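Colleague:
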């Protein structure tokens with residue numbers, strides 16, 4: 404028999420009767436008997452159209468739905484101004500992202516909070532150049548944040564800069580699920596994923612050439628050249644690997660690799676359009692890295708991403724820091740210049756800043772000083788890709804000036820600018 408005392412069930416009630424009793428109580432709407440649950444209830448996830456970014460907890464959504472998940476990397480900045488939040492930025496710590504649309508300094512601002520207990524603690528913001536691409540995709544609903552955690556195995560204080568790596572899990576939603584925009588929403592998601600899936604820091608694989616390729620290879624420099632360069636039948640990456648920049652004799656000035664001559668009218672080594680040649684520059688390369696980095700540039704030339712590349716013989720000024728230069732055929736082709744810049748960032752990481760200078764500016768004596776890239780004549784680079792961005796920014800005034808200089812050289816064949824000068 405079932406024994407009740409003051410509305411409670413006795414502990415010695417038979418198990419079968421207790422289960423029946425619990426079922427009757429649940430059916431009647433009364434308070435169910437409390438019993439421990441083996442598994443916690445999954446956290447609810449609200450994918451509202453207004454705030455798709457504010458859901459940064461892992462969910463148990465059906466994996467067969469029409470979304471796809473991407474694990475990507477971003478950078479948290481400004482944490483040193485928020486000491487309480489920074490103190491809690493431990494490796495693996497859970498973070499919450501929220502759009503800060505009212506931010507007076509950046510309409511694309513994405514705030515980052517550390518989730519400790521019930522009340523979140525502000526820890527900083529997603530790096531501006533990344534938020535610039537990510538925010539539109541979040542606002543349209545094309546992307547939703549599933550999870551965000553700190554990705555600093557050795558601790559944030561051991562990082563080389565104040566920027567803190569974070570690992571994001573993003574869920575891409577198709578055009579029907581996105582709140583608006585259709586194709587535009589899908590494009591914004593594609594741009595954000597392209598940026599955030601690229602490595603941010605320089606990969607450890609930079610400059611690697613399989614030993615089997617180098618074994619027995621001969622890469623003697625071509626005779627009679629002012630610069631240290633290779634024979635036409637020598638692959639650029641093999642030549643660069645077997646002729647380290649730091650070992651090159653200083654009198655050679657540059658170590659130079661080029662795309663194989665094809666003999667066609669549009670080839671980089673024919674006479675036609677040298678006036679419009681330009682180059683992406685990686686500045687301030689350390690002497691202990693420049694050999695491997697130049698090999699990577701040579702691999703980019705070999706892959707057809709650039710027409711040529713060069714590095715200073717000896718590694719740079721007094722063996723300290725050098726510059727790597729990767730050439731494109733025609734700076735007027737902005738699409739090609741941007742494509743080449745993106746290719747370079749995919750190889751070296753989106754964290755670096757790239758600047759593009761035309762040969763016409765170089766031969767006109769437009770050289771940058773140490774005051775932020777401005778010489779006596781003002782800015783010298785017409786294109787730039789900022790740290791954390793795959794977008795090419797254009798300085799129209801500098802571009803117009805470089806184009807004018809190039810046109811003048813075009814009118815004077817005896818002064819045609821070539822990438823071999």
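Numbering (my numbering), first residue to last: 404 to 824.
A virtual CB, placed ideally from N, CA and C, is assigned to each residue, including glycine.
If you're wondering where the values come from, they're calculated on a predicted model, not measured in any experiment.
Mark residue 634 as exposed unless 16 or more other C-beta atoms lie within 10 angstroms of its C-beta, in which case mark it buried.
Modeller: It is exposed - the Cβ of residue 634 has fewer than 16 other Cβ atoms within 10 Å.
Colleague: What first and last residue would you give for the alpha helix (DSSP H) that runs through residue 697?
Modeller: 693 to 705
Colleague: According to DSSP, residue 566 sits in a beta bridge with which residue or residues?
Modeller: Per DSSP, none; premise fails for residue 566.
Colleague: Which residue's Cα is closest to the Cα of residue 740: 551, 574, 663 and 759?
Modeller: Residue 740 has its Cα closest to that of 759, out of 551, 574, 663 and 759.
Colleague: If you reduce the DSSP assignment to three classes, tell me which class residue 725 lands in.
Modeller: In the structure shown, residue 725 falls within a strand segment according to DSSP collapsed to helix, strand and coil.
Colleague: Label residue 770 either buried or exposed according to how many other C-beta atoms from any shown protein chain fall within 10 Å of its C-beta, with 16 as the threshold for buried.
Modeller: exposed
Colleague: What first and last residue would you give for the alpha helix (DSSP H) that runs through residue 644?
Modeller: 639 to 645
Colleague: Am I right that residue 512 and residue 546 are in contact with their C-beta atoms under 8 angstroms? What's the rounded C-beta distance?
Modeller: Actually they do not touch by this definition, with Cβ atoms about 16 angstroms apart.
Colleague: Mind reading off the beta-carbon distance from residue 532 to residue 752? Whole number of angstroms is fine, and I expect it under 8 angstroms.
Modeller: The Cβ separation is near 13 angstroms, so there is no contact.
Colleague: So what does DSSP say about residue 576, is it helix, strand or coil?
Modeller: strand
Colleague: Cutting at 8 angstroms between CB atoms, please list the residues of its own chain near residue 601, excluding the five before and the five after it.
Modeller: 748, 749, 752, 753 and 793
Colleague: Using C-beta distances below 6 angstroms, list every residue in its chain close to residue 432, excluding the 5 sequence neighbours before and after it, in chain order.
Modeller: Legend: pLDDT at residue 432 = 48, less than 50; position of this residue unreliable, value from coordinates given subsequently. Contacts found: none.
Colleague: Based on Cα-Cα distance, which residue from 698, 490 and 483 lies nearest to residue 565?
Modeller: 483
Colleague: Taking contact to mean at least 3 C-beta pairs separated by less than 8 angstroms, is the stretch 645 to 663 in contact with the stretch 619 to 633?
Modeller: yes
Colleague: Can you find the residues in the same chain that come closer than 6 angstroms, C-beta to C-beta, to residue 764, ignoring five residues on each side of it along the sequence?
Modeller: 783 and 805
Colleague: Relative to the C-alpha of residue 554, which candidate in 588, 603 and 509 has its C-alpha closest?
Modeller: Comparing Cα positions, the closest option is 603.
Colleague: Do residue 599 and residue 746 come within 8 angstroms of each other at the CB atom, strictly closer than that value?
Modeller: no
Colleague: Residue 521 to residue 606, Cα distance in whole Å?
Modeller: 38 angstroms
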